[in-house]
Amino acid sequence: MKTAVVILNWNTEGFLKEFLPGLLRSVEKVEGAEVIVADNASTDGSLKVMSEMFPQVRTIAFDKNHGFTGGYNKAFEQIDSDLFVLINSDIEVTPDWLTPIVSWMEEHPECGACAPKLHSWQERDRFEYAGAAGGYIDRYGYPLCRGRVLKRLETDNGQYDSPADVFWATGACLAVRSEVYRRLGGLDDRFFAHMEEIDLCWRMQLEGWKVTVVPESVVYHVGGGTLPATSPFKLYLNFRNNRLMLSNNLSKTFALEFLKAGLPEHKAALKGHRKANRVLTFRQLLDAASAAVYLLTFKADCFKAVLKAYKDSTKLMRKPAKSEVEDYLRSRPATAQVRGIYPKWIILQSIFKGEKVFESIRKTMQKK
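Note that our numbering gives residue 104 to position 107 of the sequence shown, counting from 1, and the numbers run on in steps of one.
Given below as structure tokens:
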């Protein structure tokens, strides 16, 4: 497959110097693969680094920061390839990380996207927060991972060493069929950054594609290279984008479940639409509770970020009407199936089960 491995860079010249040489060496081993750097109007020395240290690498320079979503969408408009690989500049690859990814996509035409296991760069045997061994979401839309629940991380002891279909795979290192990416309209530009890959993977499943983790491939992620975990802006993006993601996809997902349970299309669409509204309302209450906690713990910036996220997501939401959901059910691919929804509330499970939460999740998801 013709493969484009694309770094979307913004002010990370240090990571380019450190990790790009290894990436280039690894990609040389894969026929038809190339590395491309798309720069989101960096104000550091990133472009100078590219021109002086890596003149052989194709560089696409934007005149402003389009965010993760807009940057990749605009970059891929200029790239002709069968397979797009999104990779962060703060990823250290292993010498043969790409071969299993390309081979999987060649051998599994039903797979729309796949990803390696994501390990911590600092603690090499532990999973990394941004994606670990592939992700799920819980019943209220909170993301979790095989190997990462909230801020708790597992050591990789081989417990996820079989390929697995998941709900979402990390955008820190994600291979996507270009035809699928373009057919779905790419990443949702409203998101700017954060949770956009979860939304894309969800939309893929609704259109009949699988999302898979290929554990034979492992990469190491530094994390927090663009926005630190304590950033109110990052908190704002997570709360806002989670609400946008749920409004995009919940109605169709629930309607699909009701349809497979035997209801006719019009009834399945109606029930799916109503259930989605109930979940969105309950999630709004949970987000309000989070805002209250920030206020009571004197984290005013975080409190304001959650409030702003709610206001802005309300303006940006494009929740499908019942008629649109019914149209989807009529035209959906026969293979449409959403995998990887954890049926419990992960926050409560994590509080009660502690370290045993990982084993509990594995057992629950194996039954589904």
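All C-beta atoms in this analysis are idealised placements derived from N, C-alpha and C, irrespective of residue type, glycine included.
As the structure is a computational prediction, the values presented were derived from the model and not from experiment.
For residue i, three-class secondary structure by DSSP
i, result
"T311", "helix"
"G336", "Inspection of the sequence shows that residue 336 is occupied by Arg rather than by Gly. If DSSP states are grouped into helix, strand and coil, R336 belongs with coil."
"A285", "helix"
"E25", "coil"
"L141", "strand"
"R237", "helix"
"V3", "strand"
"G109", "strand"
"T96", "helix"
"V211", "strand"
"A127", "coil"
"E31", "strand"
"D36", "strand"
"T56", "strand"
"W101", "helix"
"G183", "coil"
"K316", "coil"
Residue i - partner residues in DSSP beta bridges
i, result
"R174", "L80"
"S117", "H218"
"W165", "G132"
"D196", "In the DSSP output, where bridge partners are listed per residue, D196 has none listed."
"L150", "R145"
"I88", "H218"
Reference residue i; option with closest CA among the options
i, options, result
"T96", "S39, I344, T227 and P212", "P212"
"R240", "P140, Q75, I4 and F16", "P140"
"G11", "S39, A30, S23 and V177", "S39"
"T278", "F255, K301, L247 and P261", "L247"
"V322", "G269, K26, K231 and Q156", "G269"
"V354", "K257, Q363 and I343", "I343"
"E193", "E28, N235 and K26", "N235"
"R271", "E254, R315, C299 and K319", "K319"
Contacting residues, own chain, Cβ-Cβ under 7 Å from residue i (five flanking each side not counted)
i, result
"L313", "R187 and L241"
"H63", "N37 and K71"
"Y178", "F73 and F81"
"S287", "V303"
"E125", "L115, H116, S117, H218 and G220"
Close-in-space but distant-in-sequence residues of the same chain around residue i (CB under 8 Å, 5 per side omitted)
i, result
"E352", "R149"
"F16", "S86, D87, I88, E89 and V90"
"L147", "L141, I343, I344 and S347"
Open item on the list: Using 8 Å as the cut-off, can you tell me whether the segment 124 to 135 makes contact with the segment 172 to 185, which would need three or more C-beta pairs spanning the two stretches below that distance?
Closed with: no
TODO: Could you say if the segment 256 to 276 and the segment 336 to 353 meet the contact criterion of at least three C-beta pairs nearer than 8 Å?
DONE: no
- [ ] Specify whether the segment 17 to 37 and the segment 107 to 115 touch according to this definition: at least 3 beta carbon pairs, one from each stretch, less than 8 Å apart.
- [x] no
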